[in-house]
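**Q** I'd like to ask you about the structure that follows.
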Amino acid sequence: MYRMKMNLTQDQLGKKLNTKKATISNYETGYRTPQQDDLFEIAHILNVSIDDLFPQRKKSNDITTVYNQLTPPRQHNVLDFANHQLELQNSTDDNVIDLDTYKNENTTLTDVNGYVSAGTGEQIFDEPKFKVSVKGYVPPHDIALQVNGDSMEPMFSDKEIIFVEKSNNIKNGQIGVFIINGEAYVKKVHVGEDRLTLVSLNKDYRDLHFYENEGVRLIGKVIL
């Protein structure tokens with residue numbers, strides 16, 4: 028392959044053409060045909076001729092053989108169908124994205140309502156306190172919080188932004204945000220017969236146990 032002889036990756040060739048890696052892959056597999064301007068640019072970059080890129084094919088193939096046997100009205104139907112398929116192919120390719128590239132390059136400026144502790148307790152505010160740029164997909168949420176501490180590793184790292192859906196109910200095993208003595212914690216919940224346990228995923232930290240007469244308020248569930 029001429030690209031490989033030039034020691035170019037699909038990503039590198041795509042950048043030279045100001046297009047995506049997925050588009051180059053589709054060119055090479057024959058899933059999509061480059062525009063005329065792109066053909067000349069590819070040939071120039073690879074130092075080959077257009078004929079080298081697209082060797083001459085046999086004039087006759089199965090499609091043209093069958094097409095030539097059809098009556099004019101049926102030939103017209105085949106052409107309409109082929110054009111429709113080409114439009115779908117090209118429009119679909121335009122929507123192809125590389126997931127890793129999306130995660131690394133796409134950021135969203137997000138309002139953060141305060142901090143939630145994975146250890147010693149923090150405060151939550153009704154109004155946003157600051158903004159951060161979050162990489163990748165930001166789900167619909169009621170509040171966003173910054174985790175302080177590492178007691179919920181490996182699920183949540185120190186300084187990670189988490190998204191919370193406000194709720195009055197939570198199931199065993201879910202991750203929730205709780206207010207205890209005016210401070211906010213993020214923990215995994217376990218409801219026993221006589222007590223509520225807030226579990227730290229990092230085993231270097233002890234779990235927190237509460238009984239019916241102790242005040243623990245659920246803020247909501249962490250969106251995973």
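Take any residue in the sequence shown, count from 1 to its spot, add 27: that is its number in our numbering. Heads up, the beta-carbon is just placed ideally off N, CA and C, and yes, glycines get one too.
1. Grab me the residues of residue 52's own chain with a C-beta within less than 6 Å of its C-beta, minus the 5 sequence neighbours each way, in chain order.
2. So is residue 247 buried or exposed if we call it buried at 16+ other beta carbons inside 10 Å?
3. Could you give the DSSP three-state label for residue 50: helix, strand or coil?
4. Quick one: what does DSSP say residue 84 is sitting in, helix, strand or coil?
5. Under a Cβ-count criterion, where at least 16 other Cβ atoms within 10 Å of its own Cβ denotes burial, should residue 54 be classed as buried or exposed?
6. What's the call for residue 157, buried or exposed, on a 16-neighbour Cβ count within 10 Å?
7. How close, in whole Å, do the beta carbons of residue 249 and residue 213 come, if the pair is a contact with beta carbons under 8 Å?
8. Using the rule of at least 16 other Cβ atoms within 10 Å of the residue's Cβ for burial, across every protein chain shown, is residue 108 buried or exposed?
9. For the beta strand (DSSP E) containing residue 175, name the first residue and the last one.
10. Could you tell me which residues DSSP pairs with residue 244 in its beta bridges?
11. Is there contact between the region 66 to 78 and the region 91 to 98, where contact requires at least three CB pairs shorter than 8 Å?
12. Can you name, in chain order, every residue of its own chain whose Cβ lies under 6 Å from the Cβ of residue 182, other than the five neighbours on each side?
13. With distance defined between alpha-carbon atoms, name the residue in 173, 208, 78, 178 nearest to residue 191.
14. Just the C-alpha distance for residue 178 and residue 115, rounded to the nearest angstrom, thanks.
15. Please classify residue 140 as buried or exposed, where buried requires at least 16 neighbouring CB atoms within 10 angstroms.
16. Can you give me the Cβ contacts of residue 105 inside the same chain, cut-off strictly under 8 Å, excluding the 5 residues immediately before and after it?
17. Thinking C-beta only, is residue 222 closer than 7 Å to residue 238?
18. Enumerate in chain order the residues of its own chain whose CB-to-CB distance from residue 194 is below 6 Å, with the five nearest sequence positions on each side excluded.
19. Quick one: grab the DSSP three-state call for residue 192.
**A** Short version:
1. 37
2. Counting Cβ neighbours within 10 Å, residue 247 comes out buried, since at least 16 surround it.
3. For residue 50, the secondary structure class from DSSP, reduced to helix, strand or coil, is helix.
4. Confidence in residue 84 is poor, its pLDDT being 49 and thus under 50, which makes the residue's placement unreliable; the coordinate value appears in the next sentence. Coil at residue 84, not helix or strand.
5. buried
6. exposed
7. 6 Å
8. So residue 108 ends up on the exposed side.
9. 170 to 175
10. 206
11. no
12. 228
13. 173
14. Looking at the two C-alpha atoms, the distance is approximately 50 Å.
15. buried
16. Answer for residue 105: 94, 97, listed in chain order.
17. Yes. Within cutoff.
18. 247, 248
19. strand
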